[in-house]
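There are 2 protein chains.
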Amino acid sequence: MSGPDDDRFDEFDWIEQDLKPLAEGAPEALGLVDDAAVIPARPGFDLVISKDAIVEGVHFLPDDPLDLVARKLLRVNLSDLAAKGAAPYGYFLAVAWPGDTTRADRRAFTEGLKADQAAFGLRLMGGDTVSTPGPFTASLTILGWIPTGALVRRDAARAGDVVLVSGTIGDGGLGLRAAQGTLPTLSDDEQLALADRYRLPRPRLGLGPALRVGAHASADVSDGLIADAGRIAAASGVRLTIDLDRTPLSASAKHWLDGQPDRLAGLIDLATAGDDYEIICTTPPDSVAPLRSAAALLGVELTEIGAVTDGVGVRAVYRGAETPITRAGYRHG
Amino acid sequence: MSGPDDDRFDEFDWIEQDLKPLAEGAPEALGLVDDAAVIPARPGFDLVISKDAIVEGVHFLPDDPLDLVARKLLRVNLSDLAAKGAAPYGYFLAVAWPGDTTRADRRAFTEGLKADQAAFGLRLMGGDTVSTPGPFTASLTILGWIPTGALVRRDAARAGDVVLVSGTIGDGGLGLRAAQGTLPTLSDDEQLALADRYRLPRPRLGLGPALRVGAHASADVSDGLIADAGRIAAASGVRLTIDLDRTPLSASAKHWLDGQPDRLAGLIDLATAGDDYEIICTTPPDSVAPLRSAAALLGVELTEIGAVTDGVGVRAVYRGAETPITRAGYRHG
Chain A
6 MSGPDDDRFD EFDWIEQDLK PLAEGAPEAL GLVDDAAVIP ARPGFDLVIS
56 KDAIVEGVHF LPDDPLDLVA RKLLRVNLSD LAAKGAAPYG YFLAVAWPGD
106 TTRADRRAFT EGLKADQAAF GLRLMGGDTV STPGPFTASL TILGWIPTGA
156 LVRRDAARAG DVVLVSGTIG DGGLGLRAAQ GTLPTLSDDE QLALADRYRL
206 PRPRLGLGPA LRVGAHASAD VSDGLIADAG RIAAASGVRL TIDLDRTPLS
256 ASAKHWLDGQ PDRLAGLIDL ATAGDDYEII CTTPPDSVAP LRSAAALLGV
306 ELTEIGAVTD GVGVRAVYRG AETPITRAGY RHG
Chain B
6 MSGPDDDRFD EFDWIEQDLK PLAEGAPEAL GLVDDAAVIP ARPGFDLVIS
56 KDAIVEGVHF LPDDPLDLVA RKLLRVNLSD LAAKGAAPYG YFLAVAWPGD
106 TTRADRRAFT EGLKADQAAF GLRLMGGDTV STPGPFTASL TILGWIPTGA
156 LVRRDAARAG DVVLVSGTIG DGGLGLRAAQ GTLPTLSDDE QLALADRYRL
206 PRPRLGLGPA LRVGAHASAD VSDGLIADAG RIAAASGVRL TIDLDRTPLS
256 ASAKHWLDGQ PDRLAGLIDL ATAGDDYEII CTTPPDSVAP LRSAAALLGV
306 ELTEIGAVTD GVGVRAVYRG AETPITRAGY RHG
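Take a look at the structure:
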């Protein structure tokens, strides 16, 4: 964000010129001229709501392009809907802009919202825009629909369930290091691909129908596989055991891991890094095959990575032996 | 906010110890352990949603007690519901805490939420808590219910309507000056009462039933009477004429105005200051009496302050003559 608003393009112009078009086609938004939005009841459906905030320098790098920041903010929230099996509907946005914000900054942020609104079928429904003497800060409240009672909860894992995870684990964390230039052992192409994975999560929205039918419990992997497994365990009152050897890895992550002096330490790194935005879920053994097949039809690979038992907390095993994990996943400030 | 967390009471402890009790009695919140909240459809009702953000040093004073900041944040949002005729239901909260936040800070903020949850029948349903290198920043998304189709819109004022406003105007702006110590002409008691009015708005939730039946258009007075009248005019495609002489004033505001060298300039000050959180609405002439009676039964005085005509924008008159207003109300950064 360089230089002040030379053309006095302020919050109010931003709403008028940039945000109002993002609310077109959403009667709920009342044209963004009212005090509130109004969501008509949709019989047969529950509304699913999640809210996440991001701060420059804490959740994204000061150099990150603002269009990507906007898209990441949307996608982090969409990932919460994905984990619950819900379909995206609309969102509310509050942004605190620093004093040196330029028109180009605002436009870039808007363009990011616009691109992902189109990609995910979303509409802006309301919000607030303010100034701040501090860093760029934004919070987004996302709304989704789910058939009544079909929400896939975090607290419904049961002893005997199998633990599965979508896609690959650890790319988000490696991507952060690539973006920071601290991942020199990989090729430029690999670093670019990983950094992109960090900056632009792919929320697993396609999984919804499979999760709603086949999963007991589900959460998204935002703070690291082990940390999020631990939260399912805590919420459900069970123990989750994760087999680190079975963690699904991308080719780049495998390449990185092969270069590590200590393979186990490397695997722990990957399983405790954040920003994967994959889905971890549990299901009874006889539902594993149908759930994996349904997910595959929806374009997502699910990998068995562990089991649910009576007990407390999360346990990691490596080559059959229990492995203490001291750093239970990256905690976003 | 003085001194660092000496006892390592961080965001996660805050959620666990302080926030979870605020979600008790709200099954929608899923115990605050899930990725999202789930709102069951309520047949016959629409959901009304509003979102506002506040930044320390922009929307409240750095010395303001954090329990009052929390209550003001809730009440500013409740005022939006009040203007729409909706009844409070629940809220989502995102807070960015500075590095020097103490446990006492977090507790004070929580105590404010707790007090107003009880006062207004609200429950915490979800949100996010993060750290920031900048000032304290928070955003709140509030949910309310309204009978299907009964929302009182901002864009429904019609030529021929009468303009009414609740309570008294200008106390919020005088209260800000009192809190800043720049209002020396009033007594200490008057200054304390006005500062309290600034720090702790009284959202006009009681007006809902009257507004839903009797008002064409409605908005809350958050950015100043003239500015918010102008927004009704712009949204509705009409002109609002406000008679400054008829602006309802508190005894303290009258006292302050009597001490001003220029009475008109003083009235303009009061009509363009923010933070009143009263309701401005329009209604056809034959509905004025029943609307005022209904409001009086609900404990709120409505005062006629102007008229709606064909035309554009807002026009202020004083002693029968049009008065140019150069500063159309305080714009919150």
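So the protein lines, in turn, are chains A and B. Counting with this note's numbering, you get residues 6 to 338 for the letters of the first sequence. Counting with this note's numbering, you get residues 6 to 338 for the letters of the second sequence. Every residue gets a Cβ at the ideal spot worked out from N, C-alpha and C, and that includes glycine. As the structure is a computational prediction, the values presented were derived from the model and not from experiment.
Just to confirm, does A109 of chain B get its C-beta within under 6 angstroms of one of the non-hydrogen atoms of the ligand ADP? Ligands are entirely absent from the displayed structure, and the ligand ADP is therefore not among its contents.
In the structure shown, what three-state DSSP assignment does V81 of chain A receive? If DSSP states are grouped into helix, strand and coil, V81 of chain A belongs with the helices.
Return no unless some Cβ of chain B is closer than 7 angstroms to the Cβ of T142 of chain A. For T142 of chain A, the answer is yes, since a Cβ of chain B falls inside 7 angstroms of its Cβ.
Minimum Cβ-Cβ distance from P93 of chain B to chain D less than 7 angstroms: In the structure shown, chain D cannot be found, because the protein chains are A and B.
Bridge partners of Y96 of chain B, per DSSP? BP columns for Y96 of chain B point to B:L129, B:I147.
Hey, how far is the Cα of Q196 of chain B from the Cα of G180 of chain B? Between Q196 of chain B and G180 of chain B, the C-alpha separation is close to 7 angstroms.
Neighbourhood of R202 of chain A by C-beta distance below 7 angstroms, restricted to the same chain and skipping five residues each side: The beta carbon of R202 of chain A lies closer than 7 angstroms to those of D176, G177, G180 in the same chain, with the five residues before and after it left out.
Beta carbon proximity, V226 of chain A to chain B, threshold 7 angstroms: Taking Cβ atoms only, chain B never reaches closer than 7 angstroms to V226 of chain A, which makes this a no.
Helix, strand or coil at P70 of chain A according to DSSP, with G and I counted as helix: DSSP places P70 of chain A in coil when its eight states are reduced to three.
Where L181 of chain A falls: helix, strand or coil (DSSP): In the structure shown, L181 of chain A sits in a helix (DSSP, three-state: H, G or I).
For G186 of chain B, count neighbouring Cβ atoms within 10 angstroms of its own Cβ and tell me buried if that reaches 16, exposed if not. Exposed, because fewer than 16 other Cβ atoms sit within 10 Å of the Cβ of G186 of chain B.
Between the stretch 155-162 of chain B and the stretch 151-162 of chain A, can you find at least three pairs of beta-carbon atoms closer than 8 angstroms? Verdict: no, contact absent.
Taking only the alpha-carbon atoms, compute the straight-line gap between A87 of chain B and P206 of chain B and give it to the nearest angstrom. Between A87 of chain B and P206 of chain B, the C-alpha separation is close to 12 angstroms.
What number of angstroms, rounded off, separates the C-alpha of K77 of chain A from the C-alpha of V305 of chain B? K77 of chain A and V305 of chain B have their C-alpha atoms spaced approximately 46 angstroms apart.
Rank B:G325, B:L66, B:A222 by C-alpha distance to the C-alpha of T288 of chain B and give the top, closest one. A check of alpha carbon separations from T288 of chain B across B:G325, B:L66, B:A222 identifies B:A222 as the nearest.
Would you decide whether P290 of chain B is buried or exposed? Buried here means 16 or more other CB atoms lie within 10 Å of its CB. Result: exposed.
Where the stretch 36-49 of chain A meets chain B: residues whose CB sits under 8 angstroms from a CB there: Answer in chain order: G36, V38, D39, D40, A41, A42, V43, I44, P45, A46, R47, P48, G49.
Going by DSSP, name the residue or residues bridged to I174 of chain A. Answer is none; I174 of chain A lacks a bridge partner.
Starting from E195 of chain B, trace the beta strand (DSSP E) both ways and give me its first and last residue. Run containing E195 of chain B: none in the beta strand (DSSP E); it sits in the alpha helix (DSSP H), 193-204.
Does A31 of chain B come out as helix, strand or coil in the three-state DSSP assignment? If DSSP states are grouped into helix, strand and coil, A31 of chain B belongs with coil.
According to DSSP, is I330 of chain B part of a helix, a strand, or is it coil? The answer is coil: DSSP assigns I330 of chain B none of H, G, I, E or B.
Give me the DSSP bridge partner(s) of D51 of chain B. D51 of chain B pairs with B:I151.
Assuming A243 of chain A contacts A299 of chain A (C-beta within less than 8 angstroms), just tell me the rounded distance between them. The amino acid occupying residue 243 of chain A in the given sequence is Val; Ala does not appear at that position. Between the beta-carbon of V243 of chain A and that of A299 of chain A there is about 24 angstroms, and that puts the pair past the 8 angstroms contact cut.
Restricting to Cα atoms, I'd like to know which of B:I284, B:D15, B:L52, B:A258 is closest to D233 of chain B. Comparing Cα positions, the closest option is B:I284.
Where the stretch 236-270 of chain B meets chain A: residues whose CB sits under 9 angstroms from a CB there: From the stretch 236-270 of chain B, only R236, A239, A240 have a Cβ closer than 9 angstroms to chain A.
Looking only at its chain, what residues have a beta carbon closer than 8 angstroms to the beta carbon of R112 of chain B, apart from the 5 residues adjacent to it on each side? Contacts found: D23.
Would you please verify whether the beta carbon of A215 of chain A is less than 7 angstroms from any beta carbon of chain B? By this cut-off, A215 of chain A is not an interface position.
Listed in chain order, which residues of the stretch 46-76 of chain B have Cβ atoms closer than 8 angstroms to some Cβ of chain A? Within the stretch 46-76 of chain B, the residues whose Cβ lies closer than 8 angstroms to some Cβ of chain A are A46, R47, P48, G49, F50, D51, L52, V53, I54, S55, K56, D57, A58, I59, V60, G62, V63, H64, listed in chain order.
Are the beta-carbon atoms belonging to L145 of chain B and Y96 of chain B less than 7 angstroms from one another? Yes, Cβ-Cβ distance for L145 of chain B and Y96 of chain B is below 7 angstroms.
Would you please verify whether the beta carbon of A183 of chain B is less than 7 angstroms from any beta carbon of chain A? No, no contact with chain A.
What distance in whole Å lies between the Cβ atoms of L216 of chain A and V313 of chain A, which are believed to be in contact at a cut-off of 8 angstroms? Contact doesn't hold; Cβ gap of about 16 angstroms is too wide.
Cβ separation of V170 of chain B and I44 of chain B, assumed to be a contact under 8 angstroms, to the nearest whole Å: Their Cβ separation, rounded to whole angstroms, is 33 angstroms, which puts V170 of chain B and I44 of chain B out of contact at 8 angstroms.
Within 10 angstroms of the Cβ of L302 of chain B, are there 16 or more other Cβ atoms? Answer buried if so, exposed if not. Burial call: exposed.
To the nearest angstrom, how far is it from the Cα of G295 of chain A to the Cα of A220 of chain A? According to the sequence as given, residue 295 of chain A is Pro; it is not Gly. Cα to Cα, P295 of chain A sits roughly 11 angstroms from A220 of chain A.
Could you have a look at P266 of chain B and say whether DSSP puts it in helix, strand or coil? Reduced to three states, the DSSP call for P266 of chain B is coil.
Beta-carbon proximity of K56 of chain A to D68 of chain B, cut-off 7 angstroms: Going by C-beta atoms, K56 of chain A is not nearer than 7 angstroms to D68 of chain B.
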